[in-house]
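Colleague: Following this message is one structure expressed as structure tokens.
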Ligand SMILES: Nc1ncnc2c1ncn2[C@@H]1O[C@H](COP(=O)(O)OP(=O)(O)O)[C@@H](O)[C@H]1O
Ligand SMILES: [Mg+2]
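Protein chains in written order, with the numbering used here: chain A, 16 to 263; chain B, -19 to 242.
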């Protein structure tokens, strides 16, 4: 327990100390919100789908949670490079606990980042449907963060260098993002896309966020919750296993 | 306390550790000497659960690192040859997280951190981020951290690399102290023969992954008919350099495969 707390605290401290990075990583979600938001709004409205900014804001929040949790999880690679990883690998604590502590720390950072993005979205004009449902939206943010921080840690455990990270970004993380319905509604999709979007765990996360933030739901909140919980357990197990097999 | 039997580690074709056997009884200070690339760090990695042996067996306190990882980890402390600090944490935080991971109770932890940081002259800089430290300061912090908990076995992999003479003196004084008062078993590697002679009860000399001699410093000197450990070391490892040049073809090939693997 102490080990989980220590590793969690370390991740959070590192995040809070990287102010420049926190601000810099607001840029990307803002471009999606403002440029795509205003750019696609007329088309979206014509198609009878309502206000695109309202629609895309939950997607942008989900996206920033996805990216910051994966990045934070893959921070493992830096620890490997700078050597601190060794120190935690020989600690007299089951490696699964170290992994869980790291993952929860990364997830916390991602939730903080998501909250920041949500705040900026509200400042930019986004209006959540009901304040009472906001805690549930946070619940989904937390689930998304845990799922993808665990995935990040799992990937960080098998990668040796930054090159591998590029490949993972392009072939895993970006598809997860684009297939999640963060930017478009999941209704009336061609069959292939329908299948792909429904096996992407982030689809359920974004859908959960949309359910709680703007009362638009595709899968339904209970299915969203179930899928995300299963994905979290699966990725934490996978990550713990891979982390415990690391050799240096 | 440490038993190693016919231990082998290969990287592809290259045998980094080539069939070594030795034992270190409880309470002994054992020095592992050898030129760069001899296989010292690789051996320590296998002993400390960081690397799986290709073949052979090893136990620490009767336990195998392969099957009882956490139990084995409870028994040793280590100062790594390569950096292992978190640069984004302060010196104090680096010490503290180590203490928490090794379950040192809070009060004792605070006391020991203070005395060790003072001993290695880092107390004034305790709240400085480690990334701003000089090489020597980082090294001292690594060593101070290694002494924070009191393990049964202490691994020191070239601990004095990049240290000033004062810190070196503190380090070896501390090691001798621990060994005498706590009966800590110490497994160390170094390039400095005078250090090995000063603290080690027994020495093994390793070259190209093979142990070429082991014994007390006196035994090694007698065996090589030399009058200093340095001369004994050169006599023993010098031999293998001659072997190597007689075998230049194979050696080039090995270097080539090594390069290619990088
Ligand atoms: N991951 C690795 N892959 C390939 N070769 C390695 C690896 N790690 C170490 N080696 C090689 O194994 C040999 C022994 O290395 P090491 O144990 O670090 O030597 P020492 O600590 O005695 O200087 C060296 O030739 C080194 O290049
Ligand atoms: Mg070495």
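Ideal Cβ placement from N, Cα and C applies to all residues, glycine included.
Could you round the C-beta distance between residue 88 of chain A and residue 171 of chain A to whole angstroms and report it? I think they count as a contact, below 8 angstroms.
Modeller: Sequence index remark: in the first chain, residue 88 of chain A carries index 73 (1-based). Sequence index remark: in the first chain, residue 171 of chain A carries index 156 (1-based). Going by Cβ atoms, the distance from residue 88 of chain A to residue 171 of chain A rounds to 6 angstroms, so yes, they are a contact pair.
Colleague: Strictly below 9 angstroms CB to CB, what residues from chain B border residue 80 of chain A?
Modeller: Within the first chain, residue 80 of chain A is the residue found at index 65, counting from 1. Per Cβ cutoff of 9 angstroms: no residues; residue 80 of chain A is ~22 angstroms from chain B at best.
Colleague: Could you compute how far the alpha carbon of residue -17 of chain B sits from the alpha carbon of residue 97 of chain B?
Modeller: For the purposes of this step, residue -17 of chain B is taken as residue 3 along the second chain, with counting starting at 1. For the purposes of this step, residue 97 of chain B is taken as residue 117 along the second chain, with counting starting at 1. Taking the straight line joining both Cα atoms gives about 34 angstroms.
Colleague: Residue 208 of chain A: buried (16+ other C-beta within 10 angstroms of its C-beta) or exposed?
Modeller: Walking along the first chain from the start, residue 208 of chain A turns up at place 193. Exposed, since its Cβ has fewer than 16 Cβ neighbours within 10 Å.
Colleague: With DSSP as the reference, identify every bridge partner of residue 109 of chain B, one or two as the case may be.
Modeller: Against the second chain, residue 109 of chain B aligns to sequence position 129. Bridge partners of residue 109 of chain B: B:70.
Colleague: Using a Cβ-Cβ cutoff of 9 angstroms, what residues of the segment 86 to 110 of chain A are near chain B? List them in chain order.
Modeller: So the close ones are 94, 97, 98, 99, 100, 101, 102, 103, 104, 105, 106, 107, 108, 109, 110.
Colleague: Looking only at its chain, what residues have a beta carbon closer than 8 angstroms to the beta carbon of residue 188 of chain A, apart from the 5 residues adjacent to it on each side?
Modeller: In the first chain, counting from the first residue as 1, residue 188 of chain A sits at position 173. Hits under 8 angstroms: 81, 82, 85.
Colleague: When the Cα atoms are used, what is the spatial distance from residue 38 of chain B to residue 44 of chain B?
Modeller: In the second chain, residue 38 of chain B corresponds to position 58, counting from 1. In the second chain, residue 44 of chain B corresponds to position 64, counting from 1. So the two alpha carbons sit approximately 6 angstroms from each other.
Colleague: Which residues in chain B have a C-beta closer than 7 angstroms to the C-beta of residue 21 of chain A? List them in chain order.
Modeller: If you number the first chain from 1, residue 21 of chain A lands on position 6. Correct list: 77, 80, 81.
Colleague: Could you pull out every residue in the same chain whose Cβ sits closer than 8 angstroms to the Cβ of residue 70 of chain B, ignoring the five residues on either side in sequence?
Modeller: Start at 1 with the first residue of the second chain, and residue 70 of chain B comes out as number 90. Here the set comprises 106, 107, 108, 109, 110.
Colleague: Within the continuous alpha helix (DSSP H) that includes residue 86 of chain A, where are the two ends?
Modeller: Within the first chain, numbered from 1, the residue matching residue 86 of chain A stands at position 71. For residue 86 of chain A, the enclosing alpha helix (DSSP H) starts and ends at 67 to 89.
Colleague: Buried or exposed for residue 33 of chain B, please, with buried defined as at least 16 other CB atoms from any protein chain shown within 10 angstroms of its CB.
Modeller: Working through the second chain from its first residue, we reach residue 33 of chain B at position 53. Buried: at least 16 other Cβ atoms inside 10 Å.
Colleague: Taking the straight line between their C-alpha atoms, what separation do you get for residue 222 of chain B and residue 126 of chain B?
Modeller: For the purposes of this step, residue 222 of chain B is taken as residue 242 along the second chain, with counting starting at 1. For the purposes of this step, residue 126 of chain B is taken as residue 146 along the second chain, with counting starting at 1. Its pLDDT being 35, under 50, residue 222 of chain B is placed unreliably in this model, and the coordinates cannot settle the point.
Colleague: Hey, how far is the Cα of residue 185 of chain A from the Cα of residue 163 of chain A?
Modeller: Position 170 of the first chain holds residue 185 of chain A. Position 148 of the first chain holds residue 163 of chain A. So the alpha carbons of these two residues sit roughly 15 angstroms apart.
Colleague: Buried or exposed: which applies to residue 181 of chain A, given that a residue is buried once 16 or more other Cβ atoms fall within 10 Å of its Cβ?
Modeller: Translated into positions along the first chain, residue 181 of chain A becomes position 166. Exposed: under 16 other Cβ atoms inside 10 Å.
Colleague: Counting C-beta neighbours from all protein chains within 10 Å, is the total for residue 18 of chain A 16 or more, i.e. buried, or is it exposed?
Modeller: Residue numbering aside, residue 18 of chain A sits at position 3 when the first chain is read from its first letter. Label assigned to residue 18 of chain A: buried.
Colleague: Please list, in chain order, the chain A residues whose beta carbon lies closer than 7 angstroms to that of residue 63 of chain B.
Modeller: As a position in the second chain, residue 63 of chain B is number 83, starting the count at 1. Near residue 63 of chain B (Cβ distances below 7 angstroms), the residues of chain A are 97, 98.
Colleague: DSSP state of residue -15 of chain B, grouped into three classes?
Modeller: For the purposes of this step, residue -15 of chain B is taken as the residue at position 5 of the second chain. If DSSP states are grouped into helix, strand and coil, residue -15 of chain B belongs with the strands.
Colleague: Counting contacts by CB-CB distance shorter than 8 angstroms, is residue 209 of chain A in contact with chain B?
Modeller: What you label residue 209 of chain A is simply residue 194 of the first chain in a count that begins at 1. No, because no Cβ of chain B sits closer than 8 angstroms to the Cβ of residue 209 of chain A.
Colleague: What are the boundary residues of the alpha helix (DSSP H) that includes residue 27 of chain A?
Modeller: Numbered from 1 along the first chain, position 12 holds the residue referred to as residue 27 of chain A. Note, residue 27 of chain A: alpha helix (DSSP H), 17 to 32.
Colleague: Closer than 7 angstroms is what we want: which residues have a beta carbon that near any heavy atom of ligand 2? List them in chain order.
Modeller: B:20, B:21, B:61, B:137, B:138, B:169
Colleague: What residue does the alpha helix (DSSP H) around residue 101 of chain A start on, and which one ends it?
Modeller: As a first step, residue 101 of chain A must be located in the first chain, where it is residue number 86. Looking at the DSSP string, the run of the alpha helix (DSSP H) that includes residue 101 of chain A is 99 to 104.
Colleague: Residues of the segment 247 to 263 of chain A in Cβ contact with chain B at a cutoff of 9 angstroms, in chain order, please.
Modeller: For the segment 247 to 263 of chain A, the set of positions with a beta-carbon nearer than 9 angstroms to some beta-carbon of chain B reads 259, 261, 262, 263 in chain order.
Colleague: With 8 angstroms set as the bound, which would you pick, yes or no: does the beta-carbon of residue 30 of chain B sit closer than that to a beta-carbon of chain C?
Modeller: Absent from the structure: chain C. Protein chains present are A and B.
Colleague: Would the C-beta of residue -1 of chain B count as close to ligand 1, meaning under 7 angstroms from any of its heavy atoms?
Modeller: To locate residue -1 of chain B, count along the second chain from 1; it is residue 19. Ligand 1 has no heavy atom closer than 7 angstroms to the beta-carbon of residue -1 of chain B.
Colleague: Would you say the beta carbon of residue 11 of chain B is closer than 7 angstroms to some non-hydrogen atom of ligand 1?
Modeller: As a working note, residue 11 of chain B is residue 31 in the second chain. Outside the cutoff, so no.
Colleague: Tell me the residue span of the alpha helix (DSSP H) that contains residue 215 of chain A.
Modeller: Looking up residue 215 of chain A in the first chain gives position 200. Where residue 215 of chain A is concerned, there is no enclosing alpha helix (DSSP H), given that its DSSP letter is neither H nor E.
Colleague: Check for me: the alpha helix (DSSP H) holding residue 42 of chain A runs from which residue to which?
Modeller: Translated into the one-based positions of the first chain, residue 42 of chain A becomes position 27. Residue 42 of chain A -> alpha helix (DSSP H) spans 42 to 46.
Colleague: Between residue 14 of chain B and ligand 1, is there a pair consisting of the residue's CB and a ligand heavy atom that are separated by less than 7 angstroms?
Modeller: Translated into the one-based positions of the second chain, residue 14 of chain B becomes position 34. Yes, ligand 1 has a heavy atom inside 7 angstroms of this Cβ.
Colleague: Rounded to whole angstroms, what is the Cα-Cα separation between residue 175 of chain B and residue 151 of chain B?
Modeller: For the purposes of this step, residue 175 of chain B is taken as the residue at position 195 of the second chain. For the purposes of this step, residue 151 of chain B is taken as the residue at position 171 of the second chain. Distance between the alpha carbons of residue 175 of chain B and residue 151 of chain B is about 11 angstroms.
Colleague: Enumerate in chain order the residues of its own chain whose CB-to-CB distance from residue 186 of chain B is below 8 angstroms, with the five nearest sequence positions on each side excluded.
Modeller: Sequence index remark: in the second chain, residue 186 of chain B carries index 206 (1-based). So the qualifying residues of the chain are 0, 12, 13, 14, 18, 19, 20, 23, 192.
Colleague: Could you check whether the Cβ of residue 167 of chain B sits closer than 7 angstroms to any heavy atom belonging to ligand 1?
Modeller: Numbered from its first residue, the second chain carries residue 167 of chain B at position 187. Result no, Cβ not under 7 angstroms from ligand 1.
Colleague: How is residue 175 of chain A classed by DSSP in three states: helix, strand or coil?
Modeller: Here the question's residue 175 of chain A lines up with position 160 in the first chain. Coil.
Colleague: List, in chain order, every chain A residue whose beta-carbon is nearer than 7 angstroms to that of residue 25 of chain B.
Modeller: The count along the second chain starts at 1 and reaches residue 25 of chain B at position 45. Within chain A, the residues near residue 25 of chain B are 263.
Colleague: Counting C-beta neighbours from all protein chains within 10 Å, is the total for residue 124 of chain A 16 or more, i.e. buried, or is it exposed?
Modeller: Here the question's residue 124 of chain A lines up with position 109 in the first chain. Classification for residue 124 of chain A: buried.
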